[in-house]
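For reference, the structure discussed in these notes is given below.
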C-alpha cells in the first residue's frame, strides 16, 4: 500500500487556507503549474476531488474539508513542535480570525473578545473582519475565519453549502428605549401617541417583532428614521430624542450614563447572538474557551 505524500498534503493545506493558487505558488516559490500538479497527485491518491472552482477561487469540496481538518491538525501541531524544539517554549501567540456580521452590535462583539484583551496565560493575535452574511459563510468555507459572529440564524438555503455548526451564545430581550424626560410612565401604548421612533428597516427581525407588538395594541408609530446597522441605530437613538426598540447591550453605555432609559420590554421577544464554525478535528483552545462562556457573561 502506498503511503500518503505529506509534501502534497502540505501544498494542499496552504492552498485550502489561501483559496488561490497564485498567492501560494509565490509564497512557496513554485510555479503555478507545479503546484497544481501536486494537488492533482493528492486528489489521485485520495480518489476524490478536493477543490471546486468558483469565480477564480478554489473552494473545498466535502472531501476537501475532511482532508483539511486532518491537515490542519498535522501541520499546526508541526509548527508548535518546531517552535518548541527551536526555542524550548510553546508558540509565542495563537492566531484567531473572527468574522462578524457588519450590521450587528459592536458592544456585543466587544464583550465577546473581552477575554482576549486580558488573556495573560497565552498571547493571542486576533483579527476582526466585518462582512455580509453570504461573504462570511464563503470565508468560513474557505477557512479564512475560525469563527463567525452573527445575530441572524442560518436559513435552510445555507445548509447545503457546508456542515455549519451554529451555537447560541447569548440572547437579549428587546426593550423600548428613549430619553428619560420623554418616558410616558404608563403601560404601552398609553402616552406614546405623539412620540417619534427610529427603528430597524421593515425586513429586520427586530422590526418585524415590533410591528407585531404594535399591531396587537392597535398602535401606529410615527417613524423618524430607519437603519439596519446597529451602530447607526445606536447613534440615532442617542442623539435624535426619538424612541427606539433595541436589545439593551447595543446602548448599554448610554443607559449607564443616563442618556437613555428603558420604558418597557417586549414580552417573549429576543435578539439572539450566534457563533458559526465548521466541524474540525482540532479546535484551538482560545476558540473553545470563548464558545464555552456562560450566556450571562456575554451581555
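Numbering (our numbering), first residue to last: 2 to 300. For each residue, glycine too, the CB sits at the ideal point set by N, CA and C. From a predicted model like this one, the values you see are computed outputs, not experimental measurements.
Within 8 Å, strictly: CB atoms of residue 125 and residue 287:
yes
Pick helix, strand or coil for residue 262, following the three-state DSSP scheme.
strand
Enumerate in chain order the residues of its own chain whose CB-to-CB distance from residue 96 is below 6 Å, with the five nearest sequence positions on each side excluded.
126
Rounded to whole angstroms, what is the Cα-Cα separation between residue 22 and residue 147?
21 Å
Anyone know if the C-beta pair for residue 277 and residue 141 falls short of 8 Å?
yes
Can you check whether the CB of residue 175 is closer than 8 Å to the CB of residue 207?
yes
When you compare only the Cα positions, how much space is there between residue 25 and residue 16?
6 Å
DSSP state of residue 225 mapped onto helix, strand, coil:
Looking at residue 225 - three-state DSSP - the assignment turns out to be strand.
Following the continuous alpha helix (DSSP H) through residue 109, name the residue where it begins and the one where it ends.
107-118
How should residue 74 be labelled, buried or exposed, when 16 other C-beta atoms within 10 angstroms of its C-beta is the threshold for buried?
Exposed.
Backbone CA spacing between residue 259 and residue 238 [nearest angstrom]:
13 Å
Can you give me the C-alpha to C-alpha distance between residue 268 and residue 62, rounded to a whole angstrom?
Cα atoms of residue 268 and residue 62: separation of roughly 44 Å, rounded to the nearest angstrom.
Range of the contiguous beta strand (DSSP E) that encloses residue 175
Its beta strand (DSSP E) spans residues 166-179.
Strand pairing of residue 52, partner residues [DSSP]:
61
Secondary structure of residue 273, DSSP reduced to three states
strand
Check whether residue 9 and residue 33 have beta carbons under 8 Å apart:
no
Rounded to the nearest angstrom, how far is the Cβ of residue 144 from that of residue 221, given a contact under 8 Å?
About 48 Å separates the CB atoms of residue 144 and residue 221; that is not less than 8 Å, and the two are not in contact.
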